[in-house]
Amino acid sequence: MEQRSTACPLDCPDLCGLTVTVEGERLVRVDGDRRGPLTEGFVCGKVRKIADHVYGEHRVRAPKLRVGPKGSGQWREVTWDEALGLVVDRLATIRARSGGEAILPYHYDGSNGWITGYGLARRFFRRLGASNLATTFCAAAATRATHGLYGVMPGVALEDFAHAKLIVLWGVNPSATGIHLVPVIERAREAGAKLVVVDPRRTPLARRADLHLALRPGTDLPVALAVIHALFTRGHADRAFLAEHAVDVDELARRASAWTLEAAAHEAGVDPALLDQFVELYAASSPAVIRAGWGMERNRNGGSAIAAVLAVPAVAGKFGVRGGGYTMSNGDARWGVSPEPGIGEPAPATRTVNMSQLSTALRTLRDPRIECLFVYNCNPAATAPDQRALIEELRREDLFVVVHEQVMTDTCELADVVLPATTFLEHRELRRGYGTMRLFDSPPVIAPVGEARTNTELFAALLERMGLVRDGDAMTDDAVVSKILAGAPEGASLRTQLAEHAVASPAHGPRPVPFVDVFPGTPDRKIHLVPEALDREAAEQVPGGGLYSYRPDPRTDEFPLALISPSLATQISSTFGQLRTAPAELELSRADAAARGISTGDPVRVWNQHGEVHCLAKVSTDLREGVCLLPKGLWRKHAHNGYTANALIPPAVADLGGQATYNDARVQVAKR
Ligand SMILES: Nc1nc2c(c(=O)[nH]1)N[C@H]1C(S)=C(S)[C@@H](COP(=O)(O)OP(=O)(O)OC[C@H]3O[C@@H](n4cnc5c(=O)[nH]c(N)nc54)[C@H](O)[C@@H]3O)O[C@H]1N2
Ligand SMILES: Nc1nc2c(c(=O)[nH]1)N[C@H]1C(S)=C(S)[C@@H](COP(=O)(O)OP(=O)(O)OC[C@H]3O[C@@H](n4cnc5c(=O)[nH]c(N)nc54)[C@H](O)[C@@H]3O)O[C@H]1N2
Ligand SMILES: [Mo]
Numbered sequence: 054m055e056q057r058s059t060a061c062p063l064d065c066p067d068l069c070g071l072t073v074t075v076e077g078e079r080l081v082r083v084d085g086d087r088r089g090p091l092t093e094g095f096v097c098g099k100v101r102k103i104a105d106h107v108y109g110e111h112r113v114r115a116p117k118l119r120v121g122p123k124g125s126g127q128w129r130e131v132t133w134d135e136a137l138g139l140v141v142d143r144l145a146t147i148r149a150r151s152g153g154e155a156i157l158p159y160h161y162d163g164s165n166g167w168i169t170g171y172g173l174a175r176r177f178f179r180r181l182g183a184s185n186l187a188t189t190f191c192a193a194a195a196t197r198a199t200h201g202l203y204g205v206m207p208g209v210a211l212e213d214f215a216h217a218k219l220i221v222l223w224g225v226n227p228s229a230t231g232i233h234l235v236p237v238i239e240r241a242r243e244a245g246a247k248l249v250v251v252d253p254r255r256t257p258l259a260r261r262a263d264l265h266l267a268l269r270p271g272t273d274l275p276v277a278l279a280v281i282h283a284l285f286t287r288g289h290a291d292r293a294f295l296a297e298h299a300v301d302v303d304e305l306a307r308r309a310s311a312w313t314l315e316a317a318a319h320e321a322g323v324d325p326a327l328l329d330q331f332v333e334l335y336a337a338s339s340p341a342v343i344r345a346g347w348g349m350e351r352n353r354n355g356g357s358a359i360a361a362v363l364a365v366p367a368v369a370g371k372f373g374v375r376g377g378g379y380t381m382s383n384g385d386a387r388w389g390v391s392p393e394p395g396i397g398e399p400a401p402a403t404r405t406v407n408m409s410q411l412s413t414a415l416r417t418l419r420d421p422r423i424e425c426l427f428v429y430n431c432n433p434a435a436t437a438p439d440q441r442a443l444i445e446e447l448r449r450e451d452l453f454v455v456v457h458e459q460v461m462t463d464t465c466e467l468a469d470v471v472l473p474a475t476t477f478l479e480h481r482e483l484r485r486g487y488g489t490m491r492l493f494d495s496p497p498v499i500a501p502v503g504e505a506r507t508n509t510e511l512f513a514a515l516l517e518r519m520g521l522v523r524d525g526d527a528m529t530d531d532a533v534v535s536k537i538l539a540g541a542p543e544g545a546s547l548r549t550q551l552a553e554h555a556v557a558s559p560a561h562g563p564r565p566v567p568f569v570d571v572f573p574g575t576p577d578r579k580i581h582l583v584p585e586a587l588d589r590e591a592a593e594q595v596p597g598g599g600l601y602s603y604r605p606d607p608r609t610d611e612f613p614l615a616l617i618s619p620s621l622a623t624q625i626s627s628t629f630g631q632l633r634t635a636p637a638e639l640e641l642s643r644a645d646a647a648a649r650g651i652s653t654g655d656p657v658r659v660w661n662q663h664g665e666v667h668c669l670a671k672v673s674t675d676l677r678e679g680v681c682l683l684p685k686g687l688w689r690k691h692a693h694n695g696y697t698a699n700a701l702i703p704p705a706v707a708d709l710g711g712q713a714t715y716n717d718a719r720v721q722v723a724k725r
């Protein structure tokens with residue numbers, strides 16, 4: 054037995070250092086270590102059981118070619134040489150006949166690293182002249198809003214929540230999605246901090262909160278604007294801070310004045326007295342931190358909602374003290390290096406396809422139509438919107454689908470070629486946290502399973518076989534890491550830190566205090582409360598509107614219930630879904646269940662104009678009336694008819710960033 058150090062690059066803010074026990078190059082046990090500030094030696098339940106993922110029956114161990122009709126589950130195992138030969142042949146034929154844009158690379162972040170998430174795949178598809186992909190499943194609206202207001206600037210360090218006197222969890226559920234923040238919140242509470250949760254459902258932390266605003270999904274924008282309006286009109290705005298650090302103050306105040314607390318409370322379906330309490334508590338508390346999450350960006354108003362929520366600490370002047378301000382993505386720590394130099398190829402001026410509208414792109418794009426979908430780090434058949442239409446398109450015999458994967462996902466089942474991929478325990482990765490401000494260089498700690506190859510190995514082989522390699526190209530993980538770290542002055546300090554500890558902090562330190570140690574990354578270093586670019590972009594989506602203009606609830610008499618799909622504690626999106634045996638359950642409020650004669654355990658159907666899901670019902674006391682829930686990340690096998698929440702999600706985008714609107718489904722439910 055031997056213990057080795059690595060880090061967990063799964064899509065989670067916590068970014069844990071890991072101690073991995075290995076016997077004969079095989080994984081025996083995974084524990085959290087203490088190199089990062091939050092992990093405190095414990096690892097989440099998902100990663101503790103990762104051996105079931107690495108060695109389980111669903112693992113793809115060798116390349117496979119489809120032999121029967123699409124989706125029939127008939128495969129022939131082949132050598133890498135044969136599989137690569139076929140892929141290269143098809144790509145070359147499609148490119149020669151229809152142009153590179155007929156090829157669409159399709160990925161999100163997989164394990165969130167700079168090597169597998171970026172890396173040689175980008176170089177390969179750029180050199181092919183393939184279509185570009187806008188990666189909009191997640192954080193697209195949030196990133197646009199944050200960067201519009203603050204530029205690239207890290208927020209409050211998660212470990213500094215311990216200093217806060219008020220913690221506001223706004224559209225975020227750390228009990229499932231970043232558990233290492235929970236003990237920090239508990240410690241702050243023991244020291245007297247108050248807790249507010251803004252979430253349509255009673256999350257585990259909402260149950261313990263001092264105040265829970267159970268608003269209707271998609272109504273964060275009027276609520277945040279009403280809070281801003283009240284801060285201004287009640288004399289709680291920090292005029293000195295705003296004069297020094299912000300622009301567009303009057304314009305924000307003017308736009309916010311459209312919403313009184315009463316009007317916003319009515320729209321959100323909450324008691325106005327609770328909103329009033331929130332304003333007074335927030336104004337009176339310091340340090341006060343708003344932890345903004347991604348639950349509120351995934352609707353028609355998502356971008357403006359995030360912008361309005363992030364404007365709140367500016368208006369109230371909550372920055373400048375440790376534990377005060379906001380936290381959105383701390384991926385905005387100033388690392389001074391980026392993955393781009395590892396690729397060495399600029400993006401071509403080819404067309405861009407929005408990944409959240411894949412069903413529409415496959416159905417309607419012409420000149421050229423998409424003939425090849427090359428999927429890696431992603432499971433769109435389970436995670437993309439408009440699932441029913443998408444699966445119809447993926448079944449097309451004239452669409453060539455390649456999937457590089459660790460396990461036989463729903464997307465693999467619809468592929469022509471499945472190529473076995475390594476997990477993060479089997480390859481090197483460079484990863485910076487988007488919660489904790491650390492950068493880990495995590496080495497492989499076990500031998501690759503079966504014939505699994507890394508993303509780098511796969512795309513290096515494709516570059517070579519298609520004659521696309523150029524002098525000086527980094528072709529291995531090690532060479533890519535060297536190029537990334539050599540790329541900037543800060544690289545030298547990072548290289549030293551990583552060589553010594555395999556973990557590094559940014560130059561501003563791991564716990565910068567906003568407006569003391571770091572300032573907005575906008576050109577004038579000020580907060581732009583109504584950025585022109587965002588205003589213009591929002592106006593394109595909301596005719597006659599702009600930033601902070603509200604689109605009302607899309608519910609109709611036919612489809613009156615809002616369906617949300619928050620994260621499961623047991624998975625990361627659809628990752629690890631193969632290990633879930635429990636069937637899909639639709640959670641309904643007591644009132645909505647009673648109105649339909651539905652009890653826990655009843656088979657139900659949930660439907661709208663996009664699709665239909667057959668599953669079991671669960672009556673929940675944690676949901677407000679008018680809201681139902683099917684979790685994100687379920688696989689097709691979990692529902693009785695092979696469709697998940699994603700079959701109910703419209704292929705529409707939010708007001709900013711082309712963001713998917715996962716929480717904008719409106720549905721009807723009945724007993725089956
Ligand atoms: N265990 C686990 N951890 C994860 C993930 C996972 O799947 N499982 N996913 C990772 C990824 S990809 C991400 S992006 C993050 C996401 O992290 P979070 O943002 O915490 O994730 P969600 O569960 O999507 O949504 C959070 C909360 O938003 C609420 N919500 C839904 N609609 C609204 C709304 O309109 N307004 C408000 N205020 N709240 C709303 C939901 O009820 C939910 O409790 O977590 C990461 N960590
Ligand atoms: N209904 C609903 N759906 C949602 C959401 C929602 O709120 N509601 N939220 C969305 C969000 S926040 C996100 S981030 C997306 C995520 O959706 P996806 O991007 O599809 O992410 P995962 O479901 O985690 O699937 C990632 C896949 O990549 C594979 N993988 C991991 N590492 C590697 C690697 O190194 N190489 C290769 N080749 N493969 C690898 C994993 O095995 C896994 O199957 O889902 C979105 N889907
Ligand atoms: Mo995400």
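First residue of the sequence shown: 54, per our numbering; consecutive thereafter. Glycine included, C-beta positions come from ideal geometry on N, C-alpha and C.
For residue i and residue j, which I take to be in contact (beta-carbon distance under 8 Å), what is that distance rounded to the nearest angstrom?
{"i": "Ala369", "j": "Trp688", "result": "Contact doesn't hold; Cβ gap of about 44 Å is too wide."}
{"i": "Val120", "j": "Arg129", "result": "5 Å"}
{"i": "Ser409", "j": "Thr189", "result": "5 Å"}
{"i": "Glu678", "j": "Asp645", "result": "6 Å"}
Starting from the Cα of residue i, find the closest Cα among the options and give me that residue.
{"i": "Phe331", "options": "Ala364, Gly378, Ala500 and Ala277", "result": "Ala277"}
{"i": "Arg87", "options": "Thr653, Val81 and Val96", "result": "Val96"}
{"i": "Glu135", "options": "Ser125, Leu118, Leu144 and Lys123", "result": "Leu118"}
{"i": "Phe285", "options": "Glu243, Glu297 and Trp312", "result": "Trp312"}
{"i": "Pro270", "options": "Leu258, Arg254, Arg260 and Arg261", "result": "Arg254"}
{"i": "Leu418", "options": "Val428, Asn430 and Thr405", "result": "Thr405"}
{"i": "His663", "options": "Ala437, Gly85 and Arg375", "result": "Ala437"}
{"i": "Leu682", "options": "Pro704, Thr529 and Ser620", "result": "Ser620"}
Whose C-beta lies closer than 7 Å to the C-beta of residue i among residues of the same chain, with five residues either side of it excluded?
{"i": "Arg649", "result": "Val722, Ala723 and Lys724"}
{"i": "Pro636", "result": "Cys668, Leu669 and His691"}
{"i": "Pro496", "result": "Thr59 and Arg481"}
{"i": "Gly378", "result": "Gly208, Val209, Val342, Pro366, Lys371, Phe372 and Pro567"}
{"i": "Arg197", "result": "Gly356, Leu587, Leu709 and Gly710"}
{"i": "Ala400", "result": "Arg179 and Asn185"}
Please return the same chain residues whose Cβ sits closer than 8 Å to the Cβ of residue i, not counting the five positions on each side in sequence.
{"i": "Gln631", "result": "His106, Gly109, His111, Val460, Met461, Thr462 and Trp688"}
{"i": "Ser324", "result": "Per the sequence shown, the amino acid found at residue 324 is Asp instead of Ser. Correct list, in chain order: Ala318."}
If the criterion is Cβ atoms closer than 8 Å, does the pair residue i and residue j meet it?
{"i": "Thr403", "j": "Gly153", "result": "yes"}
{"i": "Leu426", "j": "Tyr161", "result": "no"}
{"i": "Ser412", "j": "Ala367", "result": "no"}
{"i": "Ser618", "j": "Tyr715", "result": "yes"}
{"i": "Leu157", "j": "Ile444", "result": "no"}
{"i": "Asp64", "j": "Leu91", "result": "no"}
{"i": "Ile103", "j": "Val81", "result": "no"}
{"i": "Asp494", "j": "Val534", "result": "yes"}
{"i": "Tyr601", "j": "Ser310", "result": "no"}
{"i": "Ile359", "j": "Ala194", "result": "yes"}
{"i": "Ile281", "j": "Ala364", "result": "yes"}
{"i": "Arg604", "j": "Asn354", "result": "yes"}
{"i": "Arg564", "j": "Glu239", "result": "no"}
Taking only beta-carbon positions, decide if residue i is within less than 8 Å of chain D.
{"i": "Leu709", "result": "In summary, chain D is missing from the structure at hand, where a single protein chain is found."}
In chain order, what residues of the same chain have a beta carbon less than 6 Å from the beta carbon of residue i, not counting five sequence neighbours either side?
{"i": "Glu504", "result": "Ala115 and Pro473"}
{"i": "Thr272", "result": "Glu320 and Ala321"}
{"i": "Cys465", "result": "Val456, Glu458 and Val471"}
Mind checking residue i: buried by the 16 CB within 10 Å criterion, or exposed?
{"i": "Arg484", "result": "buried"}
{"i": "Pro340", "result": "buried"}
{"i": "His457", "result": "buried"}
{"i": "Asp142", "result": "exposed"}
{"i": "Val235", "result": "exposed"}
{"i": "Ala210", "result": "buried"}
{"i": "Val490", "result": "Here the sequence assigns Met to residue 490, which means Val is not the residue at that position. Met490 is buried by the Cβ-count criterion."}
{"i": "Gly126", "result": "exposed"}
{"i": "Met54", "result": "exposed"}
**Prompt:** Taking any heavy atom of ligand 4 as the mark, which residues have a C-beta closer than 7 Å to it, listed down the chain?
**Reply:** Looking at this structure, you won't find ligand 4 anywhere; what it does contain is ligand 1, ligand 2 and ligand 3.
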